[in-house]
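I have placed the structure first, in the form of structure tokens, so that the comments after it can refer back to it.
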Amino acid sequence: MGASTSSLGVPSLSALPTPSNPGLIGNYSAPTSTIAPTVTDSTYEIIPGKTYTASYTALITTTISDHGSASVATSAVPTYSLQAQPPVYQFNPDASDNLAVYWGQTPNTTADGLLQLCENADVDIVILAFLNQFYPENGQGYPGINFGPACDPANINQQQKAPGLLDCTRFATQIQACQALGKPVLLSLGGYLANTSFVSDNQAEHFAETLWNLFGAGREELGIRPFGPDVILDGFDIDNENHNTSFYNTFAASLRKQFDKDPKKKRYYISAAPQCPIPDESIPLEAMRQVDFVWVQFYNNPSCNLNSTGFEKSVQNWAVQLANGTTSTNTTAAGKGPKMYIGAPAFAEAGSGYVNGSEFAGYLAKVKNLDLPNLGGVMLWDGTMGALNVDEFGASYLDYAKAAVQ
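The sequence shown runs 42 to 447 under our numbering.
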């Protein structure tokens with residue numbers, strides 16, 4: 042006997058044979074059928090937003106007449122079995138409990154580690170570190186990148202045209218897999234040892250266009266794109282640490298203009314990673330007000346480290362200054378100005394201000410008690426080390442961070 046399925050993949054009751062729908066059997070009297078549904082929520086109720094798998098068999102008692110003789114055919118008892126599947130993850134830029142993690146520059150970084158990090162349920166955003174040279178010497182006008190063990194040497198096109206780039210195509214499938222899981226993948230621009238300065242507004246605008254063509258949806262540099270022609274990243278992270286803020290306002294605005302070029306209207310994000318002392322010496326406030334996420338580094342700065350007496354006051358000051366001057370016409374993806382994240386080191390060697398997982402949860406509880414409307418969650422340097430930093434109870438640093446902001 043046949044079975045049809047509804048738009049949700051659930052067999053339709055109309056698939057069972059009836060007098061008006063005899064199927065493959067002719068010359069029969071009306072069948073007697075029994076349907077015994079078993080549904081996890083309630084009988085025949087399908088809950089919106091859930092995915093269901095379904096299976097059934099059917100009991101059909103049918104009398105068939107054939108040249109004066111009669112026979113009875115009986116099949117198994119019909120049963121619906123609907124099981125709700127976990128909902129597909131969907132990143133929410135407006136949430137207050139997101140966990141953003143950097144990846145690519147710590148001792149335990151492995152070539153296949155990005156996907157493992159994205160598969161971790163604690164993680165919401167991954168930032169690749171780093172594009173660390175805007176205009177390297179002999180780079181012929183193109184940037185330089187360093188993603189640890191993830192890439193191979195430059196391909197022939199890159200060697201000839203953009204020797205600062207690398208061939209990262211074998212790594213590209215992990216980026217696509219992360220995106221398929223719903224986790225945005227951003228590219229960080231800068232780092233502690235980096236050449237990330239602009240000399241003019243025109244140069245800042247041109248560099249935004251270069252990034253768009255190398256890592257976004259631009260199609261003008263297909264032969265030298267580090268991740269190949271098909272990988273389109275979800276945005277860029279500004280981690281300028283060179284104490285030169287010139288032309289970064291123009292750069293942030295220019296990135297937004299590049300995003301608007303995408304005919305598919307994909308959602309892109311910009312983030313910034315300032316140090317906790319105010320004002321930040323490398324990223325201007327007006328540039329930060331144009332981004333979606335600001336993960337403030339509350340470490341390696343004794344006056345405002347997580348475990349300093351100035352931590353809570355610094356958090357409040359950052360929340361206020363990021364909100365002030367923001368209007369309803371702000372073009373950030375979140376729509377209400379940037380979300381502020383509490384940035385912390387996930388392992389002791391990352392620098393001063395490190396605290397263990399349970400202590401970190403305590404500091405985050407104090408932050409939550411401040412009821413900051415623009416709190417976005419936590420940023421950790423870095424994700425791999427956070428996953429490996431497991432305490433005697435089996436909980437990782439990522440576990441503590443995520444649980445503490447929920």
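Cβ atoms here follow ideal geometry from the backbone N, Cα and C, with glycine treated the same way.
For residue i, does the three-state DSSP call read helix, strand or coil?
i      : result
ASP432 : coil
PRO379 : coil
GLU390 : helix
ALA141 : strand
TYR233 : coil
GLY384 : strand
ALA313 : strand
SER449 : No answer is possible for residue 449: it lies beyond the span of the chain, which begins at 42 and ends at 447.
LEU439 : helix
PHE334 : strand
VAL361 : helix
ASP301 : coil
TYR289 : helix
GLN447 : coil
Output the distance between the C-alpha atoms of residue i and residue j, rounded to the nearest integer angstrom.
i      : j      : result
PHE317 : GLY384 : The residue asked about is misnamed: residue 317 is Cys in this sequence, not Phe. Each residue's alpha carbon lies about 9 Å from the other.
ALA402 : GLU433 : 16 Å
LEU413 : ALA360 : 7 Å
ASP280 : ASP135 : 22 Å
TYR183 : LEU326 : 27 Å
LYS298 : CYS192 : 29 Å
VAL335 : ALA314 : 6 Å
VAL446 : LYS307 : 28 Å
THR291 : GLY185 : 21 Å
Using only CA atoms, which one of the options lies nearest to residue i?
i      : options                        : result
HIS247 : ASN198, TYR289, ALA391         : TYR289
ASN161 : ALA428, ALA444, VAL446         : ALA428
ALA203 : ILE265, PRO304, LEU347         : ILE265
LYS409 : ALA444, ALA436, GLY392         : ALA444
VAL356 : PRO320, ALA389, ALA191, ASP333 : PRO320
LEU411 : GLU353, GLN244, PHE256         : GLU353
ALA249 : TYR176, ALA314, MET420, GLN217 : TYR176
ASP242 : ALA258, ILE166, SER287         : SER287
ASN254 : VAL272, ASN346, LEU405         : VAL272
LEU421 : LEU347, PRO190, THR214, LYS302 : LEU347
Contact check, residue i vs residue j under 8 Å by CB: the rounded distance?
i      : j      : result
ASP208 : PRO270 : About 13 Å separates the two Cβ atoms, so there is no contact after all.
TYR310 : LEU252 : Contact flag wrong, Cβ pair sits at about 13 Å.
TYR441 : GLY398 : 3 Å
GLY424 : VAL142 : 3 Å
GLY223 : VAL129 : 7 Å
LEU363 : MET329 : 7 Å
VAL332 : ALA293 : 6 Å
ASN173 : LEU234 : 7 Å
GLY232 : GLU282 : 7 Å
ASP275 : PRO225 : 4 Å
ALA387 : TYR438 : 5 Å
Check the Cβ-Cβ distances between residue i and every residue of chain D, and say whether any is below 8 Å.
i      : result
TYR382 : You won't find chain D in this structure, because it holds only one protein chain.
Practice task
Note down, one range per segment and in chain order, each alpha helix (DSSP H) of at least 4 residues found wholly within the stretch 165-228.
Solution key: Considered as a whole, the stretch 165-228 harbours 197-202, 210-221 as its complete alpha helix (DSSP H) runs of no fewer than 4 residues, in chain order.
Handout entry: beta strand (DSSP E) runs wholly inside the stretch 244-287, at least 3 long, in chain order
Key = Runs found: 276-280.
Handout entry: Inside the stretch 400-434 only - alpha helix (DSSP H) runs reaching at least 4 residues
Key = List check, alpha helix (DSSP H) in window: 424-429.
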